[in-house]
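Accompanying notes for the structure given below.
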Amino acid sequence: MPGRNWAGNIRYAAARRHRPSTVDELRRLVAGSDRIRAIGTGHSFNRLGDTTGDLVSLAGLPPTVKIDRERATVTVAAAARYGELAARLHAAGYALPTLASLPHISVAGAVATATHGSGVGVGNLATAVSALELVTADGDLLSVRRDADGDRFAGTVVGLGALGVVTRVTLDVVPTFDVRQYVRLGLPRVALDEAFASAYSVSLFTDWRGDRIGQVWRKQLADEPPPPADWLGTTAAGEPCHPVPGLAAANCTAQLGEPGPWHERLPHFRLGFTPSSGNELQSEYHVPRAAAAEALAALDPARDRIAEVLQVCELRTVAADGLWLSPQYERDSLAVHFTWIADAEAVAPVVAEVERRLEPFAPRPHWGKVFGLDPAAVAAAYPRHADFVALLRDLDPAGKFRTPDLDRYFPR
Numbered sequence: 069m070p071g072r073n074w075a076g077n078i079r080y081a082a083a084r085r086h087r088p089s090t091v092d093e094l095r096r097l098v099a100g101s102d103r104i105r106a107i108g109t110g111h112s113f114n115r116l117g118d119t120t121g122d123l124v125s126l127a128g129l130p131p132t133v134k135i136d137r138e139r140a141t142v143t144v145a146a147a148a149r150y151g152e153l154a155a156r157l158h159a160a161g162y163a164l165p166t167l168a169s170l171p172h173i174s175v176a177g178a179v180a181t182a183t184h185g186s187g188v189g190v191g192n193l194a195t196a197v198s199a200l201e202l203v204t205a206d207g208d209l210l211s212v213r214r215d216a217d218g219d220r221f222a223g224t225v226v227g228l229g230a231l232g233v234v235t236r237v238t239l240d241v242v243p244t245f246d247v248r249q250y251v252r253l254g255l256p257r258v259a260l261d262e263a264f265a266s267a268y269s270v271s272l273f274t275d276w277r278g279d280r281i282g283q284v285w286r287k288q289l290a291d292e293p294p295p296p297a298d299w300l301g302t303t304a305a306g307e308p309c310h311p312v313p314g315l316a317a318a319n320c321t322a323q324l325g326e327p328g329p330w331h332e333r334l335p336h337f338r339l340g341f342t343p344s345s346g347n348e349l350q351s352e353y354h355v356p357r358a359a360a361a362e363a364l365a366a367l368d369p370a371r372d373r374i375a376e377v378l379q380v381c382e383l384r385t386v387a388a389d390g391l392w393l394s395p396q397y398e399r400d401s402l403a404v405h406f407t408w409i410a411d412a413e414a415v416a417p418v419v420a421e422v423e424r425r426l427e428p429f430a431p432r433p434h435w436g437k438v439f440g441l442d443p444a445a446v447a448a449a450y451p452r453h454a455d456f457v458a459l460l461r462d463l464d465p466a467g468k469f470r471t472p473d474l475d476r477y478f479p480r
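Numbering-wise (our numbering), the sequence shown opens with residue 69 and increments by one.
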């Protein structure tokens, strides 16, 4: 089990580390621990999930992948990585509606933090969940289902690992589909809305050094016509691109309109290769999509300061949902994602300025990334915040799964 997170900016403080091989072993471990947290693939950039007690990896549990064709669902082990699950689903004729930009992350970890892809009509990864199985603080095994547990289900799915250790996740699936990916260069900012609505999944990349968006990654259904040569005033990329300027595109999914299965096009990066730049910090804020232009304009005066510590900024859209701690709770959202240089001291004051400038838009942070928003502001941005605190008290009265950062944002 690693001693640091994927980015290397967090050294885990756990006194003990475990890798159980059965659910019963996990249940005994949880029941006997005073403080415990589960760890997935480590693609988190803050201490929300760290603990001074027991850190447990679920990678040793049986790798369940069970497709229910009648219900159009798949039940998977919590530690399964999306890239591996996706290949199994595609081979069986199925797909997930969306994937994150990298396929290396674990299913349970991505769901717990409402990680997402992009698409004006597509929700985050947690919206595909129809059931969860988790080990609660007393070692009991609890199942929650969308069709049976209603409001409590909506509070449990994006649970930040604070309600128990998730062991299995059931996801809705759809028939498999093919996608073509085109990269366009130099999008005028006034065409933002039209660009986002132009394909199944669209991501925009900017370095904040000019008035135009540097790259538009259009992931369109394979049977749709390619964008015209003069599409929205952009030019076609003549060769494959990496989102971070100057990096080689070998790690990225196929472009130039080459058709391929959904799981080899919806992510930006290929399984088996280093995702993103590999040496970075990340922050992300979600604001109402209706206020996208105003939010970006609010950041414009800080563009030079942002650019000094930025590798690339990605803009994505995510559809509204009803999950209590989802950053898209009851609002269609623009996700403003910053891939920073790996210098926490230089990045911290810029993050603070970004948060100050986005304050009028009630920004909701990505739970697994670097942020410093005031806890009162975070609570105010989530209408079901108090309900989640109550659910925490109900399922974990002694605070077994709590951490200092959780206590800061969800006081007892």
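Note that CB positions come from ideal geometry on N, CA and C, so glycine has one too.
Residue nearest to residue i in terms of C-alpha spacing, selected from the options
| i | options | result |
| --- | --- | --- |
| residue 309 | 301, 321, 300, 302 | 321 |
| residue 362 | 288, 414, 431, 325 | 431 |
| residue 214 | 83, 224, 208, 381 | 224 |
| residue 398 | 355, 371, 298, 278 | 355 |
| residue 87 | 106, 170, 74, 81 | 106 |
| residue 135 | 161, 119, 210 | 161 |
| residue 173 | 231, 305, 222, 152 | 152 |
| residue 385 | 347, 268, 332 | 268 |
| residue 365 | 280, 333, 332, 306 | 280 |
| residue 460 | 480, 450, 445, 443 | 480 |
| residue 278 | 296, 256, 299 | 256 |
| residue 94 | 118, 77, 128 | 128 |
| residue 415 | 429, 428, 438, 424 | 438 |
| residue 348 | 79, 113, 99 | 113 |
| residue 235 | 425, 143, 85 | 143 |
| residue 222 | 312, 200, 91 | 200 |
| residue 238 | 212, 85, 337 | 212 |
| residue 110 | 254, 175, 312 | 175 |
| residue 445 | 423, 340, 465 | 423 |
Whole-angstrom distance between residue j and residue i, CA atom to CA atom
| i | j | result |
| --- | --- | --- |
| residue 103 | residue 250 | 47 Å |
| residue 233 | residue 468 | 11 Å |
| residue 130 | residue 165 | 25 Å |
| residue 273 | residue 282 | 6 Å |
| residue 453 | residue 187 | 26 Å |
| residue 389 | residue 456 | 16 Å |
| residue 325 | residue 373 | 36 Å |
| residue 271 | residue 96 | 44 Å |
| residue 315 | residue 379 | 10 Å |
| residue 477 | residue 294 | 46 Å |
| residue 185 | residue 171 | 11 Å |
| residue 327 | residue 291 | 9 Å |
| residue 246 | residue 189 | 17 Å |
| residue 475 | residue 261 | 38 Å |
| residue 226 | residue 198 | 12 Å |
| residue 115 | residue 275 | 27 Å |
| residue 448 | residue 441 | 11 Å |
| residue 473 | residue 420 | 17 Å |
| residue 264 | residue 359 | 14 Å |
| residue 412 | residue 300 | 37 Å |
| residue 302 | residue 216 | 49 Å |
| residue 305 | residue 323 | 9 Å |
| residue 463 | residue 149 | 27 Å |
| residue 317 | residue 139 | 39 Å |
| residue 381 | residue 334 | 18 Å |
| residue 240 | residue 298 | 38 Å |
| residue 427 | residue 367 | 11 Å |
| residue 181 | residue 124 | 18 Å |
| residue 89 | residue 99 | 16 Å |
| residue 83 | residue 179 | 26 Å |
| residue 92 | residue 209 | 9 Å |
One or two residues paired with residue i in a DSSP bridge
| i | result |
| --- | --- |
| residue 405 | 352, 382 |
| residue 283 | 253, 273 |
| residue 145 | 236 |
| residue 336 | In the DSSP output, where bridge partners are listed per residue, residue 336 has none listed. |
| residue 134 | 143 |
| residue 119 | According to DSSP, residue 119 bridges with nothing at all. |
| residue 225 | None; residue 225 has no bridge partner. |
| residue 86 | 124 |
| residue 163 | 242 |
| residue 197 | 239 |
| residue 211 | 201 |
| residue 289 | 247 |
| residue 389 | 397 |
| residue 174 | 149 |
| residue 309 | Its beta-bridge partners do not exist; DSSP assigns none. |
Residue i CB to nearest heavy atom of the ligand NAD below 7 Å
| i | result |
| --- | --- |
| residue 340 | In the structure on display, the ligand NAD does not appear, and there are no ligands present to speak of. |
Note to self: With three or more beta-carbon pairs closer than 8 Å as the criterion, would you say the region 388-405 touches the region 188-195?
What the structure shows: Short answer: they touch.
Margin query: Three Cβ pairs or more, each shorter than 8 Å: is that satisfied between the region 204-212 and the region 403-418?
Written below: The answer is no - the region 403-418 does not touch the region 204-212, with fewer than three Cβ pairs under 8 Å.
Checklist line | Sufficient close CB pairs (3 or more, under 8 Å) joining the region 284-297 to the region 406-415 | finding: When C-beta atoms of the region 284-297 are compared with those of the region 406-415, fewer than three pairs fall below 8 Å, so the two segments do not count as touching.
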